[in-house]
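Participant: One line per chain: the protein sequences are A and B, in this order.
In short: position in the first sequence from 1, add 19, done, that's the working numbering.
In short: position in the second sequence from 1, add 250, done, that's the working numbering.
Structure below; questions to follow.
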Amino acid sequence: MIIEKQEISSQVCKTHFILIQKLMMAERIFILQLLLITVFCVSCAEKPTTGEDAQVTTMGSIEVTAQLVEIKGRLINDPMYDYAHVMKYKVLEVHRGKVDEETIYIAHYNPAKPRDAVADVRVPEIGGTLKRFRPSDIHRMALEVPIDDYYMGGIINKYFGEKTGPIYWAVWTNPVIK
Amino acid sequence: MVKRMLLVIMFVVNGFGGFATAGDKPIKDNRVSQLAMEVRDKGWIVYSARSQNGTWDLFLSRPDGSQRRNITNTPGFEEGAPRFSPDSRKLLYRRFQKGTVINHDLWGFQGMPVIADSNGTNPTLIGKEGQYSWASWSPDGKQIACLTKRGILIVDLTTKEVVSEMSRQGIFQQFFWSPDGKWFCGVANYLGEVWTVARIDVNTGLLNPAHKFQSCTPDWFPDSKHIIFSLRPAGQSANQGYGWTQLWMVEGDGNNPRLLFGQDDYHIYGGALSPDGKYVLFTKCPRDGGGSEESGAPICIMRFADAPTIGGKSYDLRKVHPDTKDGPVLQLCDGWEPCWTYADLN
């Protein structure tokens with residue numbers, strides 16, 4: 020009888036021991052995961068930048084820092100067709116050239132593509148470091164105006180009839196991180 | 251045995267679809283046979299196609315596909331988009347570096363412009379890479395009109411001087427001068443609408459839209475009053491909602507647009523007319539764009555009098571166009587951007 024009790028007690032202890040070990044292992048894995056996520060986030064955090072580089076300061080006849088206010092309409096990502104998409108910007112600073120209005124409309128070529136992969140036969144001399152267009156982001160851009168003097172292709176302009184003034188053509192687009 | 255089976259399959263497919271091959275291949279549809287015989291001696295068609303050397307070359311054939319011959323045969327280059335001069339003595343086309351992927355929307359910007367005799371002999375480069383973009387013959391063949399960012403430029407072919415210049419007014423590609431010299435047509439951004447087929451009056455420079463919404467690849471009817479173009483109409487549920495591109499015509503002022511040919515499962519491009527306007531040339535490609543990036547698509551011929559014609563079962567398209575005449579369509583070999591002359595090139 021005593022022997023049976025001892026065996027049962029021993030088995031309970033073993034089960035508890037295994038359970039505790041498993042819990043400790045899970046805790047370690049959880050901590051490790053937390054650490055990895057933290058390291059990943061730190062490494063991905065965008066460093067502050069003014070967007071200034073050799074291209075944006077020399078290409079085009081106008082250079083601005085501006086906030087992307089709105090993207091009207093869906094950005095088309097169709098490998099068969101190319102478009103420039105007109106977006107609404109608020110000008111924060113004019114670095115070069117002349118811009119008279121605070122709100123301007125800028126056309127970006129195939130904006131679904133990262134700027135460093137957008138140049139092609141139709142538009143060979145454009146680019147930048149921006150990966151993705153998101154409203155409220157700030158961009159430093161080299162521009163030309165009017166668009167028809169620099170770009171010959173389809174233009175998606177959802178602001179037609181709403182606005183007056185020229186459409187600017189984005190030659191180089193870099194992100195600005197504050 | 252395999253050959254017999256293939257012939258049976260071809261017969262069944264052709265029978266149901268109303269198509270038949272021609273030239274060196276057997277024709278089983280009597281109506282198509284009649285059409286082939288009807289056009290056989292009506293001059294020549296020129297087109298670009300993949301040759302045995304793997305590059306794009308220019309080919310001449312009778313309109314029924316017979317007497318096909320490679321007239322450039324240049325393994326070191328790609329060649330495409332040939333156009334007969336108005337007197338049919340010359341060809342204007344573009345020569346691309348070997349291995350160039352010819353883009354269906356950008357080809358007018360790509361490569362170098364060449365003028366050769368209409369049988370392909372005496373090719374002469376008339377410009378550098380990318381120069382004289384979208385070059386198009388004047389009615390007398392002494393000038394070309396080009397579409398550039400700067401505007402529409404008319405260039406004298408002897409002196410190479412720009413003799414006239416006007417605003418392109420949003421036209422950005424696929425640009426052609428009308429046979430009577432009074433008009434240009436092209437694809438334009440117009441009043442916020444991309445993919446509008448537009449017309450410009452050469453004398454006044456005024457532009458009018460001929461057809462808005464997903465309209466492209468316009469070219470002139472011989473009468474200079476009508477435009478043939480490709481259209482992918484809205485509201486198509488087929489092809490996962492993308493729809494299929496059809497061949498249409500419209501008066502230059504935008505009136506009376508109507509279907510010429512359509513077939514579900516195919517995109518129709520390369521629309522052109524015979525010199526008398528009695529026959530319609532086009533290509534039909536399962537992939538959008540007309541096939542210039544690969545090996546082209548079957549070149550087809552139908553009678554203009556049979557328009558509108560719908561190919562295949564095309565249930566959806568037949569509902570929209572119950573007036574289809576379902577005329578015969580003669581299907582030739584794969585090619586791209588065909589052009590027709592009635593001149594005797596022999």
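The beta carbon of each residue, even a glycine, is placed where N, CA and C say it ideally should be.
#1: Shorter than 8 Å from the beta carbon of Asn224/B to some beta carbon of chain A?
#2: Given this structure, state the Cα-to-Cα distance separating Ile196/A from Pro154/A, to the nearest angstrom.
#3: Which residue wins for smallest C-alpha separation from Asp9/A, given the options Asn372/B, Gly540/B, Tyr440/B?
#4: Curious, which full-length beta strand (DSSP E) runs of at least 3 residues does the region 77-154 of chain A contain?
#5: Cβ-heavy atom distance between Ile186/A and the ligand MN below 7 Å?
#6: Throw me the rounded Cβ distance for the Trp306/B and Arg312/B pair, which I believe falls under 8 Å.
#7: State the DSSP-derived secondary structure class of Arg344/B, mapped to helix, strand or coil.
#8: Round the Cβ separation of Trp188/A and Gln74/A to the nearest angstrom and send it over; I've been treating them as touching at under 8 Å.
#9: How many angstroms separate the CA atom of Gln347/B from the CA atom of Gln360/B?
#10: Measuring straight from C-alpha to C-alpha, what distance separates Val140/A and Phe471/B?
#11: Between the Cα of Pro588/B and those of Phe511/B, Gly315/B, Asp515/B, Asn505/B, spot the shortest distance and give me the residue it belongs to.
#12: In chain B, which residues lie with their C-beta within 7 Å of the C-beta of Arg141/A?
#13: Are the region 472-490 of chain B and the region 514-534 of chain B in contact at 8 Å, needing three or more beta carbon pairs?
#14: Taking only beta carbons into account, state which residues of the region 433-449 of chain B come closer than 7 Å to chain A, listed in chain order.
#15: Which residue's Cα is closest to the Cα of Arg344/B: Thr371/B, Gly380/B, Asp337/B?
#16: Note down, in chain order, all residues in the region 170-182 of chain A with a beta-carbon under 7 Å from any beta-carbon belonging to chain B.
#17: Indicate whether the contact test is met: 3 or more Cβ pairs, each with one atom in the region 568-588 of chain B and one in the region 514-523 of chain B, closer than 8 Å.
#18: Within a Cβ cutoff of 7 Å, which residues of the same chain sit near Leu595/B, ignoring the five residues on either side of it in sequence?
#19: How far does the alpha helix (DSSP H) with Arg300/B in it reach, from first residue to last?
#20: To the nearest angstrom, report how far apart Asp451/B and Ala438/B are at their CA atoms.
#21: Out of Thr183/A, Glu120/A, Thr77/A, Leu87/A, point me to the one whose CA is closest to Asp156/A's CA.
#22: Identify the contact partners of Gly539/B in chain A, using a Cβ-Cβ distance below 9 Å as the criterion.
#23: So Asp355/B is in the beta strand (DSSP E); what residue range does that whole segment cover?
#24: Could you tell me whether the region 547-560 of chain B touches the region 320-335 of chain B, where touching means 3 or more Cβ pairs closer than 8 Å?
#25: Tell me which residue opens and which closes the alpha helix (DSSP H) that Arg568/B is part of.
#26: Just to confirm the assignment, what range does the alpha helix (DSSP H) spanning Ala286/B have?
#27: Count the other CB atoms, across all protein chains shown, that sit within 10 Å of the CB of Asp279/B; report buried if there are 16 or more and exposed otherwise.
Facilitator: In short:
#1: Nothing about residue 224/B can be reported from this structure: the residues present for chain B run from 251 to 596 only.
#2: 14 Å
#3: Given a span of 20 to 197 for chain A in the structure shown, any question on residue 9/A remains unanswerable.
#4: 81-89, 102-115, 122-128
#5: Absent from the structure shown: the ligand MN. Ligands present: none.
#6: Going by Cβ atoms, the distance from Trp306/B to Arg312/B rounds to 21 Å, so no, they are not a contact pair.
#7: strand
#8: About 15 Å separates the two Cβ atoms, so there is no contact after all.
#9: 9 Å
#10: 30 Å
#11: Gly315/B
#12: Leu356, Phe359
#13: yes
#14: Asn439, Leu441, Gly442, Val444, Trp445
#15: Gly380/B
#16: Met171, Gly172, Gly173, Ile174, Ile175, Asn176, Phe179, Gly180
#17: yes
#18: Trp294, Leu310, Ser368, Asn369
#19: Arg300/B -> not in any alpha helix (DSSP H); beta strand (DSSP E) instead, spanning 294-300.
#20: 14 Å
#21: Leu87/A
#22: Met99, Tyr100
#23: Where Asp355/B is concerned, there is no enclosing beta strand (DSSP E), given that its DSSP letter is neither H nor E.
#24: no
#25: 565-570
#26: 280-290
#27: buried
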